[in-house]
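Colleague:
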Amino acid sequence: MSLDLSNLNDEQRLAVTLGLNADPAPPLLVIAGAGSGKTTTLAHRVAQLVAEGTDVQRILMLTFSRRAAQEMTHRVEQIFARNAKCSAASHLEWAGTFHAIGARLLREYASQIGLDPNFSIHDREDAADLMDLVRHELGFSEKTSRFPTKATCLAIYSRAVNEELPLAKALEKAFPWCRDWEAELRALFQGYVEAKQRQGALDYDDLLLYWARTMSAPELAESIGSRFDHVLVDEYQDTNRLQATILLGLKPRGTGLTVVGDDAQSIYSFRGAEIRNILDFPTLFSPTAQTVTLDRNYRSTQPILEAANAVIGLAEDRFTKNLWSERRSELKPLLVTVRDELDEAAYLAQQILTNRETGMRLKDQAVLFRAAYHSGPLEVELARRNIPFVKYGGLRFLDSAHIKDILAVLRWSSNPRNRVAGFRVLQLLPGIGPATADRILSSLGDAAPDLSRLTEISPPRAAAGFWSDLADLIWRLVTDSIGWPAEIAALRQWYGPLLEARYEDADARHADLEQLEQIATSYGTRDRLLTELALDPPDGTSAQADSPLLDEDYLVLSTIHSAKGREWKAVFVLKCVDGCIPSDLGAGSSAEVEEERRLLYVAMTRAKDHLALLLPQRFYTHQQPGKGDRHVYASRTRFIPAALLGLFESRAWAPGSTMSPAAGRSSPIVNVSAQMREMWT
């Protein structure tokens, strides 16, 4: 018996039914374009299997997130409830992430693979702590030159495991600065594995690794594979080599195997995703897998799709697919040229407010960017204009610890009585904790602290190497001898070694500080900067920002990676220029350039009605070999060559006049401070 598939289009119906009546069922690849109803199609294929007699317990559904697994299960069960043939079907028991299903199978087969069935599972934090313990036991934390931190070591281990790479290859590919530590890392990872086994624990990566190794035993592979007549995989373009190995172990001939994905949205190679898994899938089996393409888009207008199709159409290696829509529009996507990053932020704030005045909610609009630090100037502009926002993909700019550190130095220098700022600054130095910081602050005086006395203080031994530089910097800031905004550059130079020692992701944080330096140029004085930034009080990280704003309207800021799978009425993409898209740091090989192209495609296909790509004529870049930090003049991203310009509407934007700051008074008319004290007496 078939389900009612009248709500599906022709390609979706084909993807739902193809090969189900064959014996054996052939492998199937569904290329599902952006906004093409992938989840609906996959859920109907599962329900169709049950309607035609497949035991729901013999269907395995693999996803990449718990939320996706829950959504898929919910969709399937809704279809079950509407269909008499399926209404008695039980819960879709075997639906979950690769890691969750792996853990479940490993417990069942533990006795056959030398594993304690009561093994515990270490999360990333537990795994990093254990790695650090072994690192210390082996004496690597006491090396004369800095050994990679626990987080870096765990990242190297994870990359080698998930991509099935020899350690030397993993280091060369992703961690070249750690190549000199190969022998020590090999010993560390051996000790780490032994420590986990002594504790009866597996980490996140082990759940895949042990499952893959289990499938290498023919008897166990046959036992596990025979439990499932059908295996369906969502987002197949995001699988790594280890996950592909598991699938081939489950279904070596492809019988009953269905994978769904979009090669044009493969953007997670930094997590180990391997695009060749989906590109090579049809040829893995004999006869080759059948392929169905879903290219009708239900999200975007046709002009947006035509531009996106043209961008991805220049890719070197892809499945041919041209998205189309019945949503017609006269509005082409925009290419908006602005002078620099500050004008880019001003244009965006103005356009977002204009959209809001015409009835478009803030939460129906999104600003996307290649790297989290790209949004720094915009975040400050939004705060200045009181436009609420949440950010996905990194902390909000002003909430970041390293930005707060720099601002604390400025605040303490501007107001030596600001004990909170001084307390934070002193504790940046090694060997200075709360008690020592409190003692130092007290020695400077309470009523009128004298920061020049920092040179007279004997710091703890661990801080001695940093103390004179701090004292000198503070005094130059107090006396205004550096000048504004050059003070930020001096702060960056002083803070650099501390930043490197405190944070694993120092490069990204350096980029944030460079953005702060550029932002500072738009403020006439240090006090103006501190005052206006203080008007944007932190309310948590991007991961926490949803909760307090659930009943409010807010703009969405997001990295392109974090935006995948989402959609908005209006989408703005920052810095669509070479050096940003593609990123200088992500364009070393042709494969990396192609992934950058796919990133732009993903960003463009998030838009439903309005799309604008921003083209600053210059932007600030950092740490270029032999060139250092500097402004560079930008050119339109290479992914939109001249031949594609007819698909866009080009505009140039320049800011209007801005309000000048009000002049301050030299003396108070009324002593409000005294009134505030008297209020509570």
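Each residue of the sequence shown is one higher than the one before, counting from 264 in the numbering used here.
Virtual Cβ for every residue (Gly too), placed ideally from N, Cα, C.
Nothing here was measured: the structure is a model prediction, and the numbers come from that model.
Alpha carbons only, please: which of Leu277, Leu283, Ala297, Leu281 is nearest the one belonging to Tyr948?
Modeller: Because residue 948 is not part of the residues shown, which for the chain are 264 to 944, the question remains open.
Colleague: Just to check my reading of the structure: Trp357 and Gln320 have Cβ atoms closer than 8 Å, yes? What is that Cβ distance to the nearest angstrom?
Modeller: With 8 Å as the limit, Trp357 and Gln320 qualify as a contact, their Cβ atoms being about 7 Å apart.
Colleague: Just how far apart, CA to CA, sit Thr583 and Ala646?
Modeller: Looking at the two C-alpha atoms, the distance is approximately 44 Å.
Colleague: Nearest to Leu471 by CA position, among Phe327, Asp497, Arg772, is which residue?
Modeller: Selected option, being the one with the closest Cα: Phe327.
Colleague: Could you check how far apart the C-beta atoms of Leu876 and Pro596 are, in whole angstroms? I think they sit under 8 Å.
Modeller: Confirmed, Cβ separation roughly 7 Å.
Colleague: Quick one: give me the first and last residue of the alpha helix (DSSP H) that Phe361 is part of.
Modeller: Per DSSP, Phe361 belongs to the alpha helix (DSSP H) from 361-371.
Colleague: Is the region 725-736 close to the region 752-768, with three or more CB pairs under 8 Å?
Modeller: A contact exists between the region 725-736 and the region 752-768.
Colleague: Helix or strand or just coil, what does DSSP make of Gly842?
Modeller: DSSP places Gly842 in strand when its eight states are reduced to three.
Colleague: When you compare the CB positions of Ala288 and Thr518, do they come within less than 8 Å of one another, or not?
Modeller: A contact, by the Cβ cut-off of 8 Å.
Colleague: Among Phe882, Glu315, Leu505, which one has its Cα closest to the Cα of Phe343?
Modeller: Phe343 has its Cα closest to that of Glu315, out of Phe882, Glu315, Leu505.
Colleague: Residue range of the alpha helix (DSSP H) that Lys459 falls in?
Modeller: It spans 445-462 - the alpha helix (DSSP H) in which Lys459 sits, taken as one unbroken run.
Colleague: Report the partner residues of Trp587 according to the DSSP bridge assignment.
Modeller: Partner(s): Arg559.
Colleague: Leaving out five residues before and five after Asp395 in sequence, what residues of the same chain have Cβ atoms less than 7 Å from its Cβ?
Modeller: Closer than 7 Å at the Cβ level, and outside the excluded window around Asp395, lie Lys413.
Colleague: Tell whether a beta-carbon distance below 8 Å holds between Ala897 and Val856.
Modeller: No, Cβ-Cβ distance for Ala897 and Val856 is not below 8 Å.
Colleague: Taking the alpha-carbon of Arg476 as reference, which of Ala458, Ala373, Val339, Ala464 has the nearest alpha-carbon?
Modeller: Residue Ala373 is the option with its Cα nearest to Arg476.
Colleague: When you compare only the Cα positions, how much space is there between Ser529 and Leu862?
Modeller: Computed Cα separation, rounded: 8 Å.
Colleague: Closest to Ile844 by C-alpha separation, out of Asn346, Asn381, Phe882, would be which residue?
Modeller: Among Asn346, Asn381, Phe882, the Cα nearest to that of Ile844 belongs to Phe882.
Colleague: What number of angstroms, rounded off, separates the C-alpha of Val279 from the C-alpha of Ala310?
Modeller: Their Cα atoms are separated by approximately 9 Å.
Colleague: Mind the definition here: the region 590-604 touches the region 618-631 only if three or more C-beta pairs lie below 8 Å; say whether that holds.
Modeller: No, they do not touch.
Colleague: Taking the alpha-carbon of Ser479 as reference, which of Gly851, Ala612, Gln375, Glu719 has the nearest alpha-carbon?
Modeller: For the residues Gly851, Ala612, Gln375, Glu719, the minimum Cα distance to Ser479 belongs to Gln375.
Colleague: If you measure between the beta carbons of Arg914 and Val599, is that distance less than 8 Å?
Modeller: Closer than 8 Å, so yes.
Colleague: Give me, in chain order, the residues of the same chain whose beta-carbon lies closer than 8 Å to that of Thr507; leave out the 5 immediate sequence neighbours on both sides.
Modeller: One detail in the question is off: residue 507 reads as Ala in this sequence, not Thr. Once the five neighbours on either side are set aside, the close Cβ partners of Ala507 are Glu537, Asn540.
Colleague: Between the Cα of Leu505 and those of Tyr467, Arg590, Ala725, spot the shortest distance and give me the residue it belongs to.
Modeller: Closest option to Leu505, Cα to Cα, is Tyr467.
Colleague: Beta carbon of Leu776: closer than 7 Å to some heavy atom of the ligand FAD?
Modeller: Only the bare structure without any ligand can be found here, which leaves the ligand FAD out of the picture.
Colleague: Below 7 Å CB to CB, which residues in the same chain sit around Ala806 once its five sequence neighbours on both sides are set aside?
Modeller: Bear in mind that the predicted position of Ala806 carries a pLDDT of just 33, short of 50, making it too unreliable to give a figure here.
Colleague: Leaving out the 5 sequence neighbours to the left and right, which residues in its chain are closer than 7 Å to Ala926 when beta-carbon positions are compared?
Modeller: Low confidence applies to Ala926: its pLDDT is 32, below 50, so where it sits in the model is not reliable enough to give any reading.
Colleague: Going by CA-CA distance only, name the one from Ile419, Leu378, Glu750, Leu611 that's closest to Ala390.
Modeller: Ranking Ile419, Leu378, Glu750, Leu611 by Cα distance to Ala390 puts Ile419 first.
Colleague: Could you check where the beta strand (DSSP E) with Tyr655 kicks off and where it finishes?
Modeller: Element bounds for Tyr655: 652-655.
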